[in-house]
Each structure stands twice: as C-alpha cells, then as structure tokens.
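Undergrad: Below is a structure I'd like to ask you about.
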Amino acid sequence: MTQRDYREKYPYLYETHLHTMEGSACAKNSGAEMARACRDAGYTGIFVTDHNWGGNTAVSRQLSWKKFVERFRRGYDAAKEMGDKIGLDVFFGWEAGYQGTEFLIYGLSPEWMLAHPQLRGASVEEQFALVHEGGGLIIHAHPFREEYYIPRIRLFPEFVDGVEGINATHSSSLSRAHNEPLYDEKAIAYGRTHGLLLTAGSDIHTVRLFGGGMAFTRRLKDGMDFTDAVRKQEPYLLTNGETWYDMAGNRL
2 MTQRDYREKY
12 PYLYETHLHT
22 MEGSACAKNS
32 GAEMARACRD
42 AGYTGIFVTD
52 HNWGGNTAVS
62 RQLSWKKFVE
72 RFRRGYDAAK
82 EMGDKIGLDV
92 FFGWEAGYQG
102 TEFLIYGLSP
112 EWMLAHPQLR
122 GASVEEQFAL
132 VHEGGGLIIH
142 AHPFREEYYI
152 PRIRLFPEFV
162 DGVEGINATH
172 SSSLSRAHNE
182 PLYDEKAIAY
192 GRTHGLLLTA
202 GSDIHTVRLF
212 GGGMAFTRRL
222 KDGMDFTDAV
232 RKQEPYLLTN
242 GETWYDMAGN
252 RL
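Under the numbering used here, the first residue of the sequence shown carries the number 2, and numbering increases by one thereafter.
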C-alpha cells in the first residue's frame with residue numbers, strides 16, 4: 002500500500018506531541034498559529050502538550066498553582082479557539098519532566114490539572130497513580146533520546162501505559178534536531194519487550210511541520226476518547242510523516 006492508500010483507510014490523523022510558545026519556552030509559534038498550520042497540513046486534530054513545571058516551561062514556577070495553570074493552559078486555549086473556528090479538533094495534554102525524563106499525559110482536562118496541585122511535587126510513581134485515578138494515559142516520550150539536557154536514560158516500564166515509539170524529530174528528513182532514527186528503533190524494541198502501548202508524534206515546536214502522528218479509522222470525540230481507543234487497541238497507524246507503521250511498530 003502507498004501512503005495515499007493508508008490515508009484513505011485511516012483518514013483521521015492526529016498530532017499527539019505539539020508545543021506552543023505560550024506554554025513551552027522552546028516553542029516558536031503560538032497555539033493559534035500551530036492550530037492553523039496543522040489544519041492546513043491535513044490533520045483532523047492535535048494534542049497541545051506543553052512542557053510542565055518540571056520541564057522547559059514558559060511559565061514562571063514561582064506562581065501559585067492556580068496562576069500557573071491559568072497561564073500554562075493559554076497555548077491550548079488559543080489553539081482550541083482557533084480550532085473551533087477552522088474545523089480542527091484540539092485536545093489538552095502536557096509533557097511532564099523529571100530531570101530530563103519526560104512523559105506525555107493524555108485524556109485529562111485543565112480543570113482536572115487545577116484540582117490536583119499535588120502534581121507539582123509528585124514523583125513518577127505518584128504521577129502514575131494520580132493520572133490513572135483520573136482515567137488518563139501516560140506515555141514515556143522519546144525514552145532513548147540523548148541530549149545535553151537529559152543527564153541519563155531512565156526507564157519506568159511499571160509506571161507508564163506506553164512509549165512514544167515514533168518521534169518524528171528522530172526520523173523525519175525534515176527534522177533539524179535530535180535526528181537519529183536509532184532512538185525510535187530502541188523505543189519500539191523496549192515497548193515490545195515490556196508489552197507497552199506504542200504511540201507516535203512529531204514533537205513539533207514550530208509551524209514547520211513534519212506530518213507525524215497517529216491515524217485512526219474514525220474521528221475521535223475528545224482526549225479521553227483517544228485514551229480509550231489506544232488502551233483498547235482500536236485500529237490505528239503510526240507515522241513520522243514519511244513512513245507508516247502498524248500498532249506494533251512494524252514498518253508497512
């Protein structure tokens with residue numbers, strides 16, 4: 002099958018790893034700009050997954066929890082407002098950081114985050130319990146990436162639901178950072194070894210998109226619907242925008 006064939010069978014494409022300048026210090030474009038670019042690129046929907054208090058956040062860590070969440074969500078809110086206007090589904094998520102180790106959180110709302118201030122000081126184990134209590138999904142982001150800001154590779158197979166097997170910055174020909182396909186190969190092998198779910202996203206920080214993400218046979222209702230679909234292993238494909246993989250990480 003060609004890429005066109007896969008897109009026809011799995012027409013609903015979602016970007017699961019996206020940053021905005023409102024929430025992430027490393028991002029270059031606003032939530033509204035990211036939403037418009039993704040709609041123009043053919044995405045059905047996106048998750049805004051800005052860096053939280055433990056990562057490269059654009060929000061002051063000195064703020065109270067209420068103020069932090071209010072400002073942290075601005076990238077999502079801007080993307081959602083634009084998405085509602087142009088027909089792009091926008092879901093809330095975040096990228097939690099722990100001394101360079103990062104996790105993508107899906108299925109929960111800004112209101113849920115606001116109601117759980119204990120997240121700020123939670124350990125990896127405590128985060129797992131809190132997120133699961135709320136029905137959310139935890140995915141270990143780019144677990145084998147090697148960079149100056151990642152002191153060492155740390156794996157927590159017992160405290161995640163899955164692993165980001167495909168991160169387009171590692172393997173897309175359009176990527177100019179972290180470009181090393183071996184990182185994805187290791188992530189897929191790790192996921193298989195521990196029976197973890199596999200996801201895919203672009204880890205995009207600008208409107209210069211890669212086209213990575215996850216493609217489904219149906220349109221998802223919201224972030225929790227995504228969480229349920231992945232947990233139940235509904236049919237979906239993984240892509241870095243150029244190459245397609247099945248749910249087990251096998252190249253198609």
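Ideal Cβ placement from N, Cα and C applies to all residues, glycine included.
Since we're looking at a predicted model, the values are computed, not measured.
Keeping to the same chain, check which residues put their C-beta closer than 6 Å to that of G24; ignore five residues upstream and five downstream.
TA: Sequence index remark: in the sequence shown, residue 24 carries index 23 (1-based). These residues qualify, in order along the chain: D51, A59, F73, G76.
Undergrad: By DSSP, does R155 sit in helix, in strand, or in coil?
TA: Walking along the sequence shown from the start, residue 155 turns up at place 154. Coil.
Undergrad: Looking at L105 and L142, is the spacing between their C-beta atoms short of 8 Å?
TA: The residue labelled residue 142 in the question sits at position 141 within the sequence shown. The residue labelled residue 105 in the question sits at position 104 within the sequence shown. Position check: residue 142 holds Ala in this sequence, whereas Leu was assumed. Taking 8 Å as the Cβ cut-off, A142 and L105 qualify as a contacting pair.
Undergrad: Contact defined as beta carbons within less than 8 Å: I believe H171 pairs with Y184. What is the distance between those atoms, to the nearest angstrom?
TA: One-based indexing of the sequence shown puts residue 171 at position 170. One-based indexing of the sequence shown puts residue 184 at position 183. Confirmed, Cβ separation roughly 5 Å.
Undergrad: Hey, Q234 and M215: beta-carbon distance below 8 Å or not?
TA: The residue given as residue 234 occupies position 233 in the sequence shown. The residue given as residue 215 occupies position 214 in the sequence shown. No, they are not a contact pair.
Undergrad: Report the rounded CA-to-CA distance for D256 versus E159, giving the unit in angstroms.
TA: Outside the modelled stretch of the chain, which goes from 2 to 253, sits residue 256, for which no answer is possible.
Undergrad: For a minimum of 4 consecutive residues, which ranges assigned as the alpha helix (DSSP H) are wholly contained in the segment 108-171?
TA: 111-115, 125-134
Undergrad: Under three-state DSSP, which class holds V60?
TA: Numbered from 1 along the sequence shown, position 59 holds the residue referred to as residue 60. Residue state, collapsed to three classes: coil.
Undergrad: Identify whether G94 lies in helix, strand or coil by the three-state DSSP scheme.
TA: Numbered from its first residue, the sequence shown carries residue 94 at position 93. Strand.
Undergrad: For Q128 and Y99, what's the separation of their Cα atoms in angstroms?
TA: Translated into the one-based positions of the sequence shown, residue 128 becomes position 127. Translated into the one-based positions of the sequence shown, residue 99 becomes position 98. The straight-line gap from Cα to Cα measures roughly 11 Å.
Undergrad: Just to confirm before moving on: does the CB-CB distance between L14 and G43 stay below 8 Å?
TA: Walking along the sequence shown from the start, residue 14 turns up at place 13. Walking along the sequence shown from the start, residue 43 turns up at place 42. Yes; because the gap between Cβ atoms is below 8 Å, this pair is in contact.
Undergrad: Nearest to C27 by alpha carbon, out of L221, T207, Y246?
TA: What you label residue 27 is simply residue 26 of the sequence shown in a count that begins at 1. For C27, the nearest C-alpha among the options comes from T207.
Undergrad: Find out if the Cβ-Cβ distance for the pair V125, L109 is shorter than 8 Å.
TA: Walking along the sequence shown from the start, residue 125 turns up at place 124. Walking along the sequence shown from the start, residue 109 turns up at place 108. No, they are not a contact pair.
Undergrad: Alpha carbon to alpha carbon, what distance is there between H195 and L57?
TA: Position 56 of the sequence shown, counted from the first residue, corresponds to residue 57. Position 194 of the sequence shown, counted from the first residue, corresponds to residue 195. With the sequence shown as reference, residue 57 is identified as Asn, and Leu is not the correct amino acid for it. Their backbone Cα atoms lie some 29 Å apart in a straight line.
Undergrad: Need the endpoints of the beta strand (DSSP E) that F217 sits in, please.
TA: Walking along the sequence shown from the start, residue 217 turns up at place 216. 214-217 is the extent of the beta strand (DSSP E) around F217.
Undergrad: Quick one: what's G46 bridged to in DSSP?
TA: The residue you call residue 46 lines up with position 45 of the sequence shown. In the DSSP output, where bridge partners are listed per residue, G46 has Y15, D90.
Undergrad: Within this structure, are the beta carbons of E165 and I139 separated by less than 8 Å?
TA: Along the sequence shown, read from residue 1 onward, the residue named residue 165 stands at position 164. Along the sequence shown, read from residue 1 onward, the residue named residue 139 stands at position 138. Taking 8 Å as the Cβ cut-off, E165 and I139 do not qualify as a contacting pair.
Undergrad: From the DSSP output, in three-state form, read off L210 for me.
TA: In the sequence shown, counting from the first residue as 1, residue 210 sits at position 209. Of the three classes helix, strand and coil, the one that applies to L210 here is coil, per DSSP.
Undergrad: When the distance is taken between beta carbons, is N53 closer than 8 Å to W113?
TA: What you label residue 113 is simply residue 112 of the sequence shown in a count that begins at 1. What you label residue 53 is simply residue 52 of the sequence shown in a count that begins at 1. For W113 and N53, no; Cβs fall outside 8 Å.
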